[in-house]
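Read in order, the letters of the sequence shown correspond to residues 888 to 1050 in our numbering.
Yeah, the Cβ is synthetic: ideal placement off N, Cα and C, and Gly gets one too.
Working notes, beginning with the structure itself.
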Amino acid sequence: MIARLTLLPLLSLFLLLAVPAVPAEADPMAQPGWKVMKTPHGYADLVARLEKAIADNKMGLVARASATVGAKKMLKKDIPGNTVIGVYRPDFAVRMLEASVAAGIEAPIRFYVTENPDGTADLSYKTPSHVFAPYGDGGQALKDLAAELDVIFAKIAADAVGG
């Protein structure tokens, strides 16, 4: 019993030191592989701009989920704007699956529009290279595809956020 009581403070100290400190104000989306773009645009405007940028860049808007719409419709509750938009295209899907069937779980790749308390909205996404990085079975073909998509997703984001 005495040995356990003596080890307990040491174990607690070890666990405390082993866990890295994260500042309370740290942005959980500001991590490797994420692109987070602050914008002057309102939420609805940014969603519309993103939809246009997707079409202008010859990609398909293939999925949409909005906690805001669901909360309003099902719970009669208003929450800040929040929409996830999945983007992909059939030719990319075929190439991805030829490289790695397992990577198919990642398609479509998503953009995330979130409303801020000041009425502006942010556009965030994980880069395709980051999304597909765990799929080593896809080899160079999947890396090349991801790099190609990185350019397209960056262009979509820039078009949506710009001017």
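Which class does residue i belong to by DSSP, given the choice of helix, strand or coil?
i, result
"residue 1042", "helix"
"residue 1048", "helix"
"residue 920", "coil"
"residue 829", "Since the first residue shown for the chain is 888 and the last is 1050, residue 829 is missing from the structure and cannot be characterised."
"residue 988", "coil"
"residue 980", "helix"
"residue 930", "helix"
"residue 965", "coil"
Answer yes or no: do residue i and residue j have a C-beta to C-beta separation smaller than 9 angstroms?
i, j, result
"residue 1025", "residue 977", "no"
"residue 972", "residue 1018", "no"
"residue 1022", "residue 986", "yes"
So, for residue i: in the same chain, excluding its five sequence neighbours on each side, which residues have a beta-carbon less than 7 angstroms away from its beta-carbon?
i, result
"residue 1015", "996, 1033, 1036, 1037 and 1040"
"residue 1048", "924, 926 and 1010"
"residue 1051", "Nothing about residue 1051 can be read from this structure; the chain reaches only from 888 to 1050."
"residue 921", "1011 and 1013"
Contact defined as beta carbons within less than 8 angstroms: I believe residue i pairs with residue j. What is the distance between those atoms, to the nearest angstrom?
i, j, result
"residue 966", "residue 1043", "Residue 966 to residue 1043, Cβ: 26 angstroms. No contact."
"residue 990", "residue 1029", "6 angstroms"
"residue 1009", "residue 923", "6 angstroms"
Here's a check: name, in chain order, each residue in its chain whose Cβ is nearer than 8 angstroms to the Cβ of residue i, leaving out the five neighbours to either side.
i, result
"residue 974", "941, 946, 947, 948, 949, 995, 996, 997, 998, 1040 and 1043"
"residue 1046", "936, 939, 940, 943 and 944"
"residue 932", "1008"
Which same chain residues end up closer than 6 angstroms to residue i when comparing Cβ atoms and leaving out the 5 residues on each side of it in sequence?
i, result
"residue 954", "969"
"residue 993", "1018"
"residue 984", "991"
"residue 951", "972"
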